[in-house]
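Novice:
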Amino acid sequence: MLQAQQKEFRILPLEATLLNTKTVPNSAQPFFLFSIYTELRLALTCTPSCKVQTSDQKASETMAGPAPAAPRSTQKAPSSRPGLLRASAITILALIILAGLAVIIIWLVIRPRRLEYTIEDGSIHGFDLKYNHLNASFDFVIRAYNPNKKVSVYYDSVEVDVSYDDQTLAMDVVEPFFQPHRNVTHFQVKPVARLVPLLGSVSRDLRLEKSSGGVELAVRVKARIRFKVGMWKSTKRTLRVTCSPVVVHLSSSSKVFDRVYCDIDL
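Under our numbering, the first residue of the sequence shown is numbered 4, with each subsequent residue one higher.
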């Protein structure tokens with residue numbers, strides 16, 4: 004009913020206007036009628052309620068503010084870290100394989116062999132044990148054999164000690180020397196014990212063995228060596244040689260010394 008009243012409200016003035024067309028000159032009547040037709044069409048297609056609704060929508064849009072922006076994607080691009088780790092692992096594995104192949108090739112070319120040590124002769128002179136103190140002179144001939152075809156050895160320092168039951172009795176030092184490949188070198192050491200204090204158990208056992216004409220000793224060699232292959236020289240390494248048991252007869256005994264083979268630790 005409200006819409007009908009509104010239409011009547013807008014149409015009545017238009018009818019009044021149409022009634023007044025008689026007062027309009029004939030030359031202006033077509034344009035005048037077209038204007039009335041346009042206004043009537045607008046009034047029928049859009050009612051005041053439509054205009055009010057449109058203004059309300061604009062007001063609500065103004066109060067609401069601008070439309071919120073579309074949410075940004077928080078998903079990150081796929082990382083290349085797994086690819087880097089895989090490449091690093093492949094590189095490290097390749098280096099390990101190459102290093103292993105290099106070691107195998109060098110070993111096949113050089114074919115390194117262990118050094119060999121033996122004690123060829125040994126004796127004791129001036130053995131005197133009193134009040135748990137020892138005086139004695141030891142004499143040993145040590146044979147060093149280098150069986151390698153392409154490896155030579157530098158002996159930068161050599162120390163030899165004689166011990167009994169893990170107690171050191173005497174020591175000696177050997178001058179530095181060079182040993183070529185496939186070479187046999189003999190060096191003589193003469194450690195001397197001068198009033199060396201002994202433990203009671205060591206003194207007692209040593210005295211008992213002396214009475215039998217021979218003493219079981221241990222001879223140890225400690226050397227700082229370098230290897231040479233062609234023009235290449237290695238860094239210094241520690242060579243440890245252990246010869247035990249070494250049965251040494253007193254000078255008054257007629258027994259022959261038995262060769263002793265030594266253990267090598269390099």
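Cβ atoms here follow ideal geometry from the backbone N, Cα and C, with glycine treated the same way.
Can you look up Ala90 in the DSSP assignment and give me helix, strand or coil?
Specialist: Correct three-state label for Ala90: helix.
Novice: Check whether the Cβ atoms of Lys236 and Arg229 sit closer than 8 Å, and answer yes or no.
Specialist: The answer is yes: Cβ separation under 8 Å.
Novice: I'd like the span of the alpha helix (DSSP H) that includes Gly129, first residue to last.
Specialist: It is not in any alpha helix (DSSP H) - Gly129 instead sits in the beta strand (DSSP E) that spans 119-133.
Novice: Classify Gly203: buried if its beta carbon has 16 or more other beta carbons within 10 angstroms, exposed otherwise.
Specialist: Gly203 is exposed by the Cβ-count criterion.
Novice: Can you tell me which residues form a DSSP beta bridge with Asp208?
Specialist: Note: Asp208 sits in no beta bridge, so no partner.
Novice: Is the region 88-100 close to the region 113-126, with three or more CB pairs under 8 Å?
Specialist: No contact exists between the region 88-100 and the region 113-126.
Novice: Closest to Val154 by C-alpha separation, out of Met234, Arg146, Ser160, Asn138, would be which residue?
Specialist: Considering only alpha carbons, the answer is Met234.
Novice: In three-state terms, what does DSSP make of Val106?
Specialist: In the structure shown, Val106 sits in a helix (DSSP, three-state: H, G or I).
Novice: Need the endpoints of the beta strand (DSSP E) that Val195 sits in, please.
Specialist: Start and end: 195-200.
Novice: Report the CB separation of Pro194 from Val163 in whole angstroms; it is logged as a contact under 8 Å.
Specialist: Confirmed, Cβ separation roughly 7 Å.
Novice: Bridge partners for Met174 per DSSP, in chain order?
Specialist: Note: Met174 sits in a beta bridge opposite Asp164.
Novice: To which residues does DSSP link His136 through a beta bridge?
Specialist: For His136, which the question treats as bridged, DSSP gives the partners Lys133, Pro200.
Novice: Which residue wins for smallest C-alpha separation from Ala226, given the options Leu269, Gly216, Tyr148?
Specialist: Nearest option by C-alpha distance: Leu269.
Novice: Take the Cβ of Ser214 as the centre, count every other Cβ of all protein chains shown within 10 Å, and call the residue buried at 16 or more, exposed below.
Specialist: With fewer than 16 other Cβ atoms within 10 Å, it is exposed.
Novice: Taking Asp168 as the reference, give the member of Ser206, Ala105, Val187, Asn151 with the closest Cα.
Specialist: For Asp168, the nearest C-alpha among the options comes from Ser206.
Novice: Report the three-state DSSP secondary structure of Pro115 (helix, strand or coil).
Specialist: In this structure, Pro115 counts as coil in the three-state DSSP scheme.
Novice: From which residue to which residue does the beta strand (DSSP E) around Asp268 run?
Specialist: 266-268 is the span of the beta strand (DSSP E), which, as asked, contains Asp268.
Novice: What span of residues does the beta strand (DSSP E) with His184 cover, start to end?
Specialist: No beta strand (DSSP E) holds His184; DSSP gives it neither H nor E.
Novice: Whose C-beta lies closer than 7 Å to the C-beta of Arg117 among residues of the same chain, with five residues either side of it excluded?
Specialist: Counting only Cβ-Cβ distances below 7 Å, and skipping sequence neighbours, we find Ile267.
Novice: Just curious, the beta strand (DSSP E) that Arg229 is in, first and last residue?
Specialist: Arg229 -> beta strand (DSSP E) spans 217-232.
Novice: Run through DSSP, which three-state label would Ser155 get?
Specialist: In this structure, Ser155 counts as strand in the three-state DSSP scheme.
Novice: Keeping to the same chain, check which residues put their C-beta closer than 6 Å to that of Phe260; ignore five residues upstream and five downstream.
Specialist: Around Phe260: Asp124, Gly125.
Novice: Count the CB pairs spanning the region 132-148 and the region 97-117 that are closer than 8 Å, and state whether there are at least three.
Specialist: Segments in contact, no.
Novice: Check this for me: beta carbons of Leu137 and Leu172, under 8 Å apart or not?
Specialist: The answer is yes: Cβ separation under 8 Å.
Novice: Measure from the alpha carbon of Ala196 to the alpha carbon of each residue in Val263, Ala102, Lys133, then state which is nearest.
Specialist: The option with the nearest alpha carbon to Ala196 is Lys133.
Novice: For Lys236, write down the residues that DSSP places opposite it in a beta bridge.
Specialist: For Lys236, which the question treats as bridged, DSSP gives the partners Lys231.
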